[in-house]
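Participant: The following block contains the structure, expressed as structure tokens.
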Amino acid sequence: MSSDIQQRINALTEQLHHLNYQYYQRDESEVSDQEFDALLAELARLEAEYPQFAQPNSPTQRVGGTITKQFPSAEHRYPMLSLGNTYSEADLREFDERVRKGLEGAEMQYVCELKFDGVAMSLSYENGQLTQGVTRGDSTRGDVVTSNVRTIRNLPLHLRPAGPAQPTEFEVRGEIFMPLPVFEELNEEREANGEALLANPRNAASGALKLQDSAQVAARKLRFYAYAFLMPGRSQFATHSASLEALSTWGLPVSDTWRRCATIEQVLDFVHEWDKKRFGLPVATDGIVIKVDDFRQQELLGYTSKSPRWAIAYKYPAEAGRTRLQAIQYQVGRTGAVTPVALLEPVPLAGTVVKRASLHNANQIAALDLRLGDMVFVEKGGEIIPKITGVDLEARPTGSQPIVYPTECPACGTPLIRPEGEAHFRCPNDRGCPPQRKAKLEHFISRKALDIDGLGAETVGRLFDLDFVTDAASLYELPAKAAELAQLERMGEKSVQRLVAGLEASKQVPFDRVLFGLGIRYVGETVADKLATHYRTVEALAAATAPELAAVPEVGGVIAESAAAWFQEPANQDLLERLRAAGVQLALTGEAPQPQSDRLAGLTFVLSGVFEQHSRDELQHLIEQHGGKITGSISKKLSYLVAGDKMGPAKREKATSLKVPIIGETDLMAMLPAASESLAPPTSEASAAPAHPAPGTLTQGSLF
Ligand SMILES: NC(=O)c1ccc[n+]([C@@H]2O[C@H](COP(=O)([O-])OP(=O)(O)OC[C@H]3O[C@@H](n4cnc5c(N)ncnc54)[C@H](O)[C@@H]3O)[C@@H](O)[C@H]2O)c1
Ligand SMILES: [Zn+2]
639 MSSDIQQRIN ALTEQLHHLN YQYYQRDESE VSDQEFDALL AELARLEAEY
689 PQFAQPNSPT QRVGGTITKQ FPSAEHRYPM LSLGNTYSEA DLREFDERVR
739 KGLEGAEMQY VCELKFDGVA MSLSYENGQL TQGVTRGDST RGDVVTSNVR
789 TIRNLPLHLR PAGPAQPTEF EVRGEIFMPL PVFEELNEER EANGEALLAN
839 PRNAASGALK LQDSAQVAAR KLRFYAYAFL MPGRSQFATH SASLEALSTW
889 GLPVSDTWRR CATIEQVLDF VHEWDKKRFG LPVATDGIVI KVDDFRQQEL
939 LGYTSKSPRW AIAYKYPAEA GRTRLQAIQY QVGRTGAVTP VALLEPVPLA
989 GTVVKRASLH NANQIAALDL RLGDMVFVEK GGEIIPKITG VDLEARPTGS
1039 QPIVYPTECP ACGTPLIRPE GEAHFRCPND RGCPPQRKAK LEHFISRKAL
1089 DIDGLGAETV GRLFDLDFVT DAASLYELPA KAAELAQLER MGEKSVQRLV
1139 AGLEASKQVP FDRVLFGLGI RYVGETVADK LATHYRTVEA LAAATAPELA
1189 AVPEVGGVIA ESAAAWFQEP ANQDLLERLR AAGVQLALTG EAPQPQSDRL
1239 AGLTFVLSGV FEQHSRDELQ HLIEQHGGKI TGSISKKLSY LVAGDKMGPA
1289 KREKATSLKV PIIGETDLMA MLPAASESLA PPTSEASAAP AHPAPGTLTQ
1339 GSLF
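Spelled out as structure tokens, the structure:
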């Protein structure tokens, strides 16, 4: 008996450590939050009953996150704890009783706030200036991500000197999140690029904050809501609510959804009120946070090792429904990935009517043992796309057969393949498969690519179906068919004129957007921009080998392989020729930056680790400005490995064994002509950069 319990405790401990690691380090949720919390609650119960088996580092005793190796870390002045949580109203009443007992019946108030589902952030302000942003980390130390935080548009870098006096130094805590429309757009883009979708906005925000290049972080359009104020010594405010009001006056974004509540009944009213209303907010929420308002009363109640005793989170359970699976549709995307989509009898769920659910891939269909006509359970929680969580076996129609995943492309009949390590089946017929070709055209004309005025996704699809266009280059033959086009229903002369003008104008669209529009797998907007800036012409780009491409910042090995393979294809070379003949931009115009010297001519460099005085982009730029070359991998021919902080040991070993000299940032700078040390690379916008970066601030990329 007792050894069974010990085993269960050990198994739970191990599983929870693993889930924590996936969640905090890799931004992946293998189970729903509700399942996670149930496991954690079970472990806490067992440990309370059998303390002799509890492990000292148990997930019940510690805040889940850790610091990463990618950023400098800093100690929190006040530990950043977690929140006790519950899914039940009965627990909220118990919390209220505990609080009132702890305060010996003294008069008290609560503040109810929405629980925003993002990443907790501690911000330091000194003399009204933002000086530092640190993640929660392991609750005592977190990652310093100040330059990433500075990209958050609704976060003031300087406070307004209005309202109550500001202490010289104070800390603001709040949640960094990705607004829902941004999240949806990002996922659409990922889908179009054939990349894995992000499960929820929390993971997306957390992942964005861990990026090394602030310019990329800025593109993720993160936002911030403040929910706590801390200052050294006794707070200048008597209550939490007074501090929230002050933060607002100083210009910090505080969501105006919070409310003071005098009784637990009022708290429950708030909980019920927001149960559905929260789906109308542009930010993901997963519950309500209830806090004792008075700071002295908070102090009296104190803390456990993991969370304050004066606050609790009520989490809304994921909304679940039961409905019938009517059919499965297999969609073929731009890159040939086949995605099964469940078509459901419409069912109301979490504020919307759900008719479709994602099924991810063949594995999931098999794991669920889905059959057509099954009654299935659908859930819509933190995940935006509803998912099927199980089958009601009791209600299974007799004689139903397991779903057989197609072995051939539903659109073109080509046998599907499943590349090793990938979850999706793909149709390899990328040039013949109609939905793939159509999606490529849609991508080419889309807003971020050629943005052709007078031509939308629907029209281009129709023109494709009617054989007016076959690929991107054929669009430019449309003016010659103007008369025929004008005969089409819903077209007319005016629309044709506009389309012709739009095509003409698209010939001025710069090369980087054309490159993005080509729809090379993994070459998204940012990568296209980096490649175009680096190589300037399509010839130079097409001539680059995969390892050379991989050395361009932001371009990893997978992207490089994919791009190099694309340019090798004769059919793609032909497409480029036809685009060129049509007059589309296949090179950047304007002056290329002139080299400053040839001091490093003939030398090759690998940059690795984090550098102190310059970002990696800046160092790369300097090397190239002086005639040197950057490559991606360490070989015998490499001239220098430039090592920064936290370079992996494998790189060091390899360089040593191949006798490649390892130098530091200062050695590299010493190799350059003296004046260049003050050279400002074009990427760092001197005007937007903080005048006095705080110590520990990363100097990376551009800030805007
Ligand atoms: N699915 C998984 O595999 C998995 C794994 C680990 C953790 N989790 C989830 O994460 C939770 C644990 O994470 P946690 O410790 O960050 O706790 P939490 O996210 O449940 O609550 C604490 C956090 O709430 C946030 N918050 C949002 N609005 C707030 C407000 N108005 N006031 C105060 N805080 C506010 C803060 O970021 C704070 O750090 C678990 O309960 C579980 O649901 C899931
Ligand atoms: Zn196909």
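Each position in the sequence shown, counted from 1, maps to that position plus 638 in our numbering.
Beta carbons: idealized from backbone N, C-alpha and C, even for Gly.
As the structure is a prediction and not an experimental result, all values here were calculated from the model.
Going by other Cβ atoms of all chains shown within 10 Å of its Cβ, with 16 needed for buried, is residue 1316 buried or exposed?
Facilitator: Sequence index remark: in the sequence shown, residue 1316 carries index 678 (1-based). Because residue 1316 carries a pLDDT of 40, less than 50, the predicted location of this residue cannot be relied on, and no value is offered for it.
Participant: Which residue wins for smallest C-alpha separation from residue 839, given the options 873, 872, 784, 924?
Facilitator: In the sequence shown, residue 839 corresponds to position 201, counting from 1. Residue 839 has its Cα closest to that of 924, out of 873, 872, 784, 924.
Participant: Are residue 963 and residue 1010 close, meaning C-beta to C-beta below 8 angstroms?
Facilitator: Position 325 of the sequence shown, counting from 1, holds the residue named residue 963. Position 372 of the sequence shown, counting from 1, holds the residue named residue 1010. Yes, these two residues count as a Cβ contact at 8 angstroms.
Participant: Return helix, strand or coil for residue 645, following the three-state DSSP convention.
Facilitator: What you label residue 645 is simply residue 7 of the sequence shown in a count that begins at 1. Residue 645: helix per DSSP, three-state reduction.
Participant: For the stretch 971-978 and the stretch 1045-1064, state whether three or more C-beta atom pairs, one from each stretch, are separated by less than 8 angstroms.
Facilitator: Judged by Cβ distances under 8 angstroms, the stretch 971-978 makes contact with the stretch 1045-1064, as three or more pairs qualify.
Participant: Identify whether residue 1246 lies in helix, strand or coil by the three-state DSSP scheme.
Facilitator: Within the sequence shown, numbered from 1, the residue matching residue 1246 stands at position 608. Correct three-state label for residue 1246: strand.
Participant: At a threshold of 7 angstroms, does residue 1271 count as lining ligand 1 (C-beta to nearest heavy atom)?
Facilitator: Counting from 1 along the sequence shown, the entry for residue 1271 is found at position 633. Result no, Cβ not under 7 angstroms from ligand 1.
Participant: Excluding the 5 residues flanking residue 1208 on each side, which residues of the same chain have their C-beta closer than 8 angstroms to its C-beta?
Facilitator: Here residue 1208 corresponds to residue number 570 of the sequence shown, with the count starting at 1. Excluding residues within five positions, none has a Cβ falling inside 8 angstroms.
Participant: Suppose the cutoff is 7 angstroms on Cβ atoms and the five residues either side in sequence are ignored; what does the same chain contact list for residue 1077 look like?
Facilitator: If you number the sequence shown from 1, residue 1077 lands on position 439. The answer, listed in chain order, is 971, 972.
Participant: Go through the stretch 1019-1050 residue by residue and report every complete run of the alpha helix (DSSP H) that reaches 4 residues or more, in order.
Facilitator: none
Participant: Quick one: does the C-beta of residue 658 sit closer than 7 angstroms to a heavy atom of ligand 2?
Facilitator: As a first step, residue 658 is located in the sequence shown; it is residue number 20 there, counting from the start. Outside the cutoff, so no.
Participant: Beta-carbon separation of residue 1225 and residue 1149 under 8 angstroms?
Facilitator: If you number the sequence shown from 1, residue 1225 lands on position 587. If you number the sequence shown from 1, residue 1149 lands on position 511. Yes, the Cβ-Cβ distance between residue 1225 and residue 1149 is below 8 angstroms.
Participant: Just the Cα atoms here: how many angstroms apart are residue 890 and residue 980?
Facilitator: Looking up residue 890 in the sequence shown gives position 252. Looking up residue 980 in the sequence shown gives position 342. Between residue 890 and residue 980, the C-alpha separation is close to 43 angstroms.
Participant: Based on DSSP bridge pairs, tell me the residues matched to residue 820.
Facilitator: Counting from 1 along the sequence shown, the entry for residue 820 is found at position 182. Paired residues: none, contrary to the question.
Participant: Are there three or more Cβ pairs, one per stretch, closer than 8 angstroms when the stretch 1078-1088 is compared with the stretch 1151-1170?
Facilitator: yes
Participant: Tell me the rounded alpha-carbon separation between residue 1319 and residue 737.
Facilitator: Position 681 of the sequence shown holds residue 1319. Position 99 of the sequence shown holds residue 737. Unreliable positioning characterises residue 1319 in this predicted model, as indicated by a pLDDT of 41, which lies under 50. A coordinate reading is not provided.
Participant: For residue 1298, which of helix, strand or coil comes out of DSSP?
Facilitator: The residue you call residue 1298 lines up with position 660 of the sequence shown. Coil at residue 1298, not helix or strand.
Participant: Do the CB positions of residue 795 and residue 768 come within less than 8 angstroms of each other?
Facilitator: Here residue 795 is taken as the residue at index 157 of the sequence shown, counted from 1. Here residue 768 is taken as the residue at index 130 of the sequence shown, counted from 1. Cβ distance < 8 angstroms, so residue 795 and residue 768 count as in contact.
Participant: Report the partner residues of residue 1343 according to the DSSP bridge assignment.
Facilitator: Nothing in the structure corresponds to residue 1343, since the chain is present only between 639 and 1342.
Participant: Could you give the first and the last residue of the continuous alpha helix (DSSP H) run that contains residue 978?
Facilitator: By 1-based counting over the sequence shown, the position of residue 978 is 340. Careful: residue 978 lies outside any alpha helix (DSSP H), inside the beta strand (DSSP E) at 975-987.
Participant: Ignoring anything shorter than 4 residues, give me the alpha helix (DSSP H) runs that lie fully in the stretch 1058-1118, in order along the chain.
Facilitator: Taking only runs of at least 4 residues, the alpha helix (DSSP H) segments lying wholly in the stretch 1058-1118 are 1072-1083, 1095-1103.
Participant: Helix, strand or coil for residue 855 per DSSP?
Facilitator: Residue numbering aside, residue 855 sits at position 217 when the sequence shown is read from its first letter. Residue 855 falls in the helix class under three-state DSSP.
Participant: Helix, strand or coil, according to DSSP, for residue 1053 in the structure here?
Facilitator: Start at 1 with the first residue of the sequence shown, and residue 1053 comes out as number 415. Residue 1053 falls in the strand class under three-state DSSP.
Participant: Looking at residue 581 and ligand 2, is the gap between the Cβ and the nearest heavy atom below 7 angstroms?
Facilitator: Here the chain has residues from 639 to 1342 only, and residue 581 is not among them.
Participant: If I follow the unbroken beta strand (DSSP E) through residue 713, where does it start and stop?
Facilitator: Position 75 of the sequence shown, counting from 1, holds the residue named residue 713. Element bounds for residue 713: 711-713.
Participant: With burial defined as no fewer than 16 other Cβ atoms inside 10 Å of the residue's Cβ, what is the status of residue 642: buried or exposed?
Facilitator: Reading the sequence shown from its first residue, position 4 is the one you call residue 642. Burial call: exposed.
Participant: For the alpha helix (DSSP H) that contains residue 762, what are its first and last residues?
Facilitator: Locating residue 762 in the sequence shown gives position 124, where the first residue counts as 1. Note, residue 762: premise wrong, no alpha helix (DSSP H); beta strand (DSSP E) at 757-764.
Participant: Any idea if residue 1298 is buried or exposed, counting beta-carbon neighbours within 10 angstroms, 16 or more meaning buried?
Facilitator: Looking up residue 1298 in the sequence shown gives position 660. Taking a 10 Å sphere around the C-beta of residue 1298, we find 16 or more other C-beta atoms and assign the residue as buried.
Participant: So, helix, strand or coil for residue 1261, using DSSP?
Facilitator: Here residue 1261 refers to the residue found at position 623 when the sequence shown is read from its first residue. If DSSP states are grouped into helix, strand and coil, residue 1261 belongs with the helices.
Participant: From the DSSP output, in three-state form, read off residue 1320 for me.
Facilitator: Counted from its first residue, the sequence shown places residue 1320 at position 682. Because residue 1320 carries a pLDDT of 40, less than 50, the predicted location of this residue cannot be relied on, and no value is offered for it.
Participant: Report whether the distance from the Cβ of residue 1077 to the nearest heavy atom of ligand 2 is below 7 angstroms.
Facilitator: The residue labelled residue 1077 in the question sits at position 439 within the sequence shown. Incorrect: residue 1077 has no Cβ contact closer than 7 angstroms to ligand 2.
Participant: What is the DSSP secondary structure of residue 895, counted as helix, strand or coil?
Facilitator: Taking the first residue of the sequence shown as 1, we reach residue 895 at position 257. If DSSP states are grouped into helix, strand and coil, residue 895 belongs with coil.
Participant: Just to confirm, does residue 635 get its C-beta within under 7 angstroms of one of the non-hydrogen atoms of ligand 2?
Facilitator: The first residue shown for the chain is 639 and the last is 1342, placing residue 635 beyond what the model contains.
Participant: Below 8 angstroms CB to CB, which residues in the same chain sit around residue 1062 once its five sequence neighbours on both sides are set aside?
Facilitator: Taking the first residue of the sequence shown as position 1, residue 1062 is located at position 424. Excluding residues within five positions, the ones whose Cβ falls inside 8 angstroms are 975, 976, 977, 999, 1056.
Participant: With a threshold of 6 angstroms on Cβ separation, who are the neighbours of residue 1122 within its own chain once the five nearest residues in sequence on each side are excluded?
Facilitator: Sequence index remark: in the sequence shown, residue 1122 carries index 484 (1-based). Result list for residue 1122: empty, nothing under 6 angstroms.
Participant: Since I believe residue 1233 is in contact with residue 1194 (beta carbons under 8 angstroms), could you give me their beta-carbon distance rounded to a whole number of angstroms?
Facilitator: Working through the sequence shown from its first residue, we reach residue 1194 at position 556. Working through the sequence shown from its first residue, we reach residue 1233 at position 595. With a Cβ gap of about 27 angstroms, residue 1194 and residue 1233 do not count as contacting.
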